[in-house]
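Line by line, the protein sequences give chains A and B.
Using our numbering, read the first sequence as starting at 655 and increasing by one per residue.
Using our numbering, read the second sequence as starting at 2 and increasing by one per residue.
Note that beta-carbon positions come from the ideal geometry of N, C-alpha and C, so glycine has one too.
Note that this is a predicted model, so its numbers are computed, not measured.
Notes for the one structure printed next.
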Amino acid sequence: MAGARVYGLIAGMWIRSTMAYRASFVMTTFGSFTATFFDFVAIMLMFSRVHALGGWSLPEVAFLYGLSAVSFGLADLVIGSMDRLGRRLRDGTLDALLVRPAPVLAQVAADRFALRRLGRVTQGSLVLGWALSRLDVGWTADRLLLMPLTLLSGCAIFCAVFVAGAAFQFVAQDAAEVQNAFTYGGTTLLQYPPSVFAKDLVRGVTFLLPLAFVNWLPASYILGRPYPLDLPGRLAWATPLVAAACCALAGLAWRAGLRSYRSTGS
Amino acid sequence: MGAGRLYATVALGGFRRYATYKAATAAGVFTNTVFGLILVYTYKALWELRPHLGGYDQAQAVTYVWLGQAFLSTLAISGGGVEDELMERIRTGDVAIDLYRPADLQLWWLAADLGRAFFQLLGRGVLPFVFGALVFPAYLPTDAGTWAAFLVAVLLAMLVGFGIRYLVALSTFWMLDGTGMGQMTWLLGYFCSGMLLPLNVFPGGLGTVVRALPWSSLLQAPADILLGHGQPLRTYLFQGAWAVVLLGAGRLLQSAATRRVVVQGG
Numbered sequence: 655m656a657g658a659r660v661y662g663l664i665a666g667m668w669i670r671s672t673m674a675y676r677a678s679f680v681m682t683t684f685g686s687f688t689a690t691f692f693d694f695v696a697i698m699l700m701f702s703r704v705h706a707l708g709g710w711s712l713p714e715v716a717f718l719y720g721l722s723a724v725s726f727g728l729a730d731l732v733i734g735s736m737d738r739l740g741r742r743l744r745d746g747t748l749d750a751l752l753v754r755p756a757p758v759l760a761q762v763a764a765d766r767f768a769l770r771r772l773g774r775v776t777q778g779s780l781v782l783g784w785a786l787s788r789l790d791v792g793w794t795a796d797r798l799l800l801m802p803l804t805l806l807s808g809c810a811i812f813c814a815v816f817v818a819g820a821a822f823q824f825v826a827q828d829a830a831e832v833q834n835a836f837t838y839g840g841t842t843l844l845q846y847p848p849s850v851f852a853k854d855l856v857r858g859v860t861f862l863l864p865l866a867f868v869n870w871l872p873a874s875y876i877l878g879r880p881y882p883l884d885l886p887g888r889l890a891w892a893t894p895l896v897a898a899a900c901c902a903l904a905g906l907a908w909r910a911g912l913r914s915y916r917s918t919g920s
Numbered sequence: 002m003g004a005g006r007l008y009a010t011v012a013l014g015g016f017r018r019y020a021t022y023k024a025a026t027a028a029g030v031f032t033n034t035v036f037g038l039i040l041v042y043t044y045k046a047l048w049e050l051r052p053h054l055g056g057y058d059q060a061q062a063v064t065y066v067w068l069g070q071a072f073l074s075t076l077a078i079s080g081g082g083v084e085d086e087l088m089e090r091i092r093t094g095d096v097a098i099d100l101y102r103p104a105d106l107q108l109w110w111l112a113a114d115l116g117r118a119f120f121q122l123l124g125r126g127v128l129p130f131v132f133g134a135l136v137f138p139a140y141l142p143t144d145a146g147t148w149a150a151f152l153v154a155v156l157l158a159m160l161v162g163f164g165i166r167y168l169v170a171l172s173t174f175w176m177l178d179g180t181g182m183g184q185m186t187w188l189l190g191y192f193c194s195g196m197l198l199p200l201n202v203f204p205g206g207l208g209t210v211v212r213a214l215p216w217s218s219l220l221q222a223p224a225d226i227l228l229g230h231g232q233p234l235r236t237y238l239f240q241g242a243w244a245v246v247l248l249g250a251g252r253l254l255q256s257a258a259t260r261r262v263v264v265q266g267g
């Protein structure tokens, strides 16, 4: 638990530092809000021309969008700075973190903690709220319980992707951009219904890189829609287990990556 | 003649500088391909329901997606061109050294950016486009004339793209930190250039407005020529007019900045 304390201390320091420039903070938070807002505007523009996409209505797609955006936004807020690791590897400043008596993962995750990323979470929550107000879901106890479980597990799955991406940077260094395909690409993919995509792609993000558990499977269960792969709806309840497995694997990858680090310089 | 050689050398330097990072380029190709894959399926779903949306057929929509992925880094539609470095040099005061050089500031950076753009087009743009054209049924014109006309539009798009980003970079002279300004412009550019959805799909008044803005010169204008939708001469005139206006404004702003602004640094 030393890690959590260190994380809290460093994140708190960065928040105080950000608040020194309040106007800049307001502007960048608004920017983070607008960035994702445009994503949703594009979806609304699509729906100005059609009534359904892949058989899903606008509120249903908004539900997918909201779940994906909130999960990803929370993960991005908590751990999103990890994509700066590549720079630390190149200029050798990771060494400074290694000599401190605190877990390296916590230090890297809290590095440049950016509260402005709340903008993305806020925007996602608004879309999710709008979707819930428009959808006619028969809310049973199990469906209600699945909602918070899904959001938390989704956040954990994206955190695992960020950590695995950081571990990959130990090997790849210059190729850091690859992880954007899975983080930003992942959340963009999940904003659209699974029925839009080729079966093989859906299989890949269900069984190989289980992003489908962030929202596709739970949302299919809650909305009572069939999942394109003929999987039982109850599989949605495996979401927390999948998230735990992802985190464990990402943790192993991180350890392997950190062990392989040989610093830089001549 | 001597001046021409100087800027050609700067452009060549820009090209070679970006060509140095091979792993980063490969990573970029991968990421662009993944994003293209996601978009192409959503467009296919959209065009299945509305086969002639925006005047494109499905094959043309597929080509549009992969053109967008080819142009994203080439035209630095959401940032990532030479302006990042220029902003940093203005912020730190290093720009004073640039102003002492026996070369024009705007032409110098334009040359460097053109070199970068040509590398990104060849190194990062061609591969995702070829992948997309091979894997999906895409529309490709067979006559060389259309391709030549298309390349002229791409060249003009590079000028317009630089014109916008140079203005953003110069704003750093007054704002001291261009991050917020840049972020806003990139978001607007991503949306208004048609990266999310082709501009001719935008409904009614919004469509008319975005098609008149400079960003429509970047992706929509060359795409329309390749897809046989725009008259080359009218398109060139539109792009050329924006290039003149933006580069002219850049020149005015540059002379105002160098006359009035005190350079940063101690």
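Presumed contact (8 Å Cβ cut-off) between residue i and residue j, rounded CB distance
i	j	result
Leu611(A)	Pro713(A)	Since the first residue shown for chain A is 655 and the last is 920, residue 611(A) is missing from the structure and cannot be characterised.
Ala696(A)	Leu198(B)	5 Å
Tyr881(A)	Pro848(A)	7 Å
Pro52(B)	Gln59(B)	7 Å
Phe130(B)	Ala71(B)	5 Å
Phe137(B)	Tyr19(B)	Not confirmed; about 28 Å, so no contact.
Ile664(A)	Phe822(A)	Not really, about 23 Å apart at Cβ, beyond 8 Å.
Arg771(A)	Gly734(A)	6 Å
Ser194(B)	Leu220(B)	5 Å
C-alpha distance - residue i paired with residue j, whole-angstrom precision
i	j	result
Gly858(A)	Pro864(A)	8 Å
Tyr875(A)	Gly840(A)	20 Å
Thr173(B)	Gly179(B)	5 Å
Gly29(B)	Trp216(B)	22 Å
Thr34(B)	Val210(B)	30 Å
Leu906(A)	Ser914(A)	13 Å
Val825(A)	Gly911(A)	7 Å
Ala77(B)	Ala656(A)	42 Å
Gly720(A)	Ala224(B)	32 Å
Leu106(B)	Asp99(B)	7 Å
Asn869(A)	Leu40(B)	19 Å
Thr236(B)	Ala118(B)	21 Å
Thr747(A)	Asp854(A)	41 Å
Val680(A)	Phe687(A)	11 Å
Leu207(B)	Gly241(B)	23 Å
Leu799(A)	Leu889(A)	15 Å
Ala660(A)	Ala904(A)	Position check: residue 660(A) holds Val in this sequence, whereas Ala was assumed. The alpha-carbon atoms of Val660(A) and Ala904(A) are separated by roughly 20 Å.
Proximity to residue i [Cα-Cα], best of the options
i	options	result
Pro894(A)	Gly911(A), Phe867(A), Ile876(A) and Gly887(A)	Phe867(A)
Arg909(A)	Gly666(A), Gly773(A), Val758(A) and Val680(A)	Val758(A)
Val817(A)	Leu806(A), Ala830(A) and Phe692(A)	Ala830(A)
Arg166(B)	Cys193(B), Leu248(B) and Leu238(B)	Leu248(B)
Asp114(B)	Thr26(B), Gln255(B) and Leu160(B)	Leu160(B)
Ser79(B)	Met196(B), Arg261(B) and Asp58(B)	Met196(B)
Met88(B)	Arg252(B), Leu111(B) and Gly183(B)	Gly183(B)
Gly14(B)	Val83(B), Leu40(B) and Trp67(B)	Val83(B)
Val704(A)	Ser194(B), Ala222(B), Val136(B) and Pro204(B)	Pro204(B)
Arg741(A)	Ala729(A), Gln827(A) and Arg754(A)	Gln827(A)
Val775(A)	Pro802(A), Leu728(A) and Trp793(A)	Leu728(A)
Ile811(A)	Gly666(A), Phe726(A) and Met700(A)	Phe726(A)
Pro233(B)	Thr75(B), Phe151(B) and Ala104(B)	Phe151(B)
Met736(A)	Leu752(A), Asp765(A), Ala716(A) and Arg754(A)	Asp765(A)
Thr804(A)	Gly746(A), Phe692(A), Arg744(A) and Ala723(A)	Ala723(A)
Ala158(B)	Tyr65(B), Tyr191(B) and Trp243(B)	Trp243(B)
Leu168(B)	Val127(B), Tyr191(B), Tyr101(B) and Ile91(B)	Ile91(B)
Gly778(A)	Phe691(A), Cys813(A) and Leu877(A)	Phe691(A)
Asn834(A)	Gly124(B), Gly3(B), Ala25(B) and Leu220(B)	Ala25(B)
Thr259(B)	Trp175(B), Gly241(B), Phe163(B) and Tyr191(B)	Trp175(B)
Ala170(B)	Gly206(B), Val246(B), Leu50(B) and Val96(B)	Val96(B)
Gly773(A)	Ala689(A), Ser702(A) and Pro886(A)	Ala689(A)
Ala104(B)	Val245(B), Arg212(B), Asp85(B) and Thr10(B)	Thr10(B)
Ala814(A)	Thr918(A), Ser702(A) and Ala763(A)	Ala763(A)
Val127(B)	Leu7(B), Gly37(B) and Val245(B)	Gly37(B)
Leu135(B)	Thr64(B), Leu188(B) and Gly81(B)	Thr64(B)
Leu718(A)	Tyr675(A), Arg744(A), Met801(A) and Val753(A)	Met801(A)
Cross-chain neighbours of residue i in chain C, by beta carbon under 8 Å
i	result
Asn834(A)	Any reference to chain C falls outside this structure, whose protein chains are A and B.
Count the C-beta pairs between the region 698 to 708 of chain A and the region 43 to 60 of chain B that are closer than 8 Å, then say yes if the count reaches three, no if not. Counting Cβ pairs under 8 Å, three or more are found: they touch.
Please give me, in chain order, every unbroken run of the alpha helix (DSSP H) with length at least 4 that falls completely inside the region 674 to 752 of chain A. Correct list: 676 to 701, 712 to 733, 739 to 745 and 748 to 752.
Just checking, does the region 222 to 236 of chain B make contact with the region 130 to 150 of chain B on the three C-beta pairs under 8 Å criterion? In this structure the region 222 to 236 of chain B touches the region 130 to 150 of chain B; the number of beta carbon pairs closer than 8 Å is three or more.
Could I get the ranges of all uninterrupted alpha helix (DSSP H) runs contained in the region 69 to 148 of chain B, with 4 residues as the minimum, in chain order? List check, alpha helix (DSSP H) in window: 84 to 93, 96 to 101, 106 to 120 and 127 to 136.
Identify every run of the beta strand (DSSP E) within the region 187 to 243 of chain B, keeping only runs that are complete inside it and at least 3 residues long; order them along the chain. Listed in chain order, nothing qualifies, since the region 187 to 243 of chain B has no complete beta strand (DSSP E) run of 3 or more residues.
Quick check for students: name the residue ranges of the alpha helix (DSSP H) that lie wholly in the region 771 to 837 of chain A, counting only runs of 4 or more. Look at the region 771 to 837 of chain A and you find these whole runs of alpha helix (DSSP H), each 4 residues long or longer: 772 to 788 and 795 to 826.
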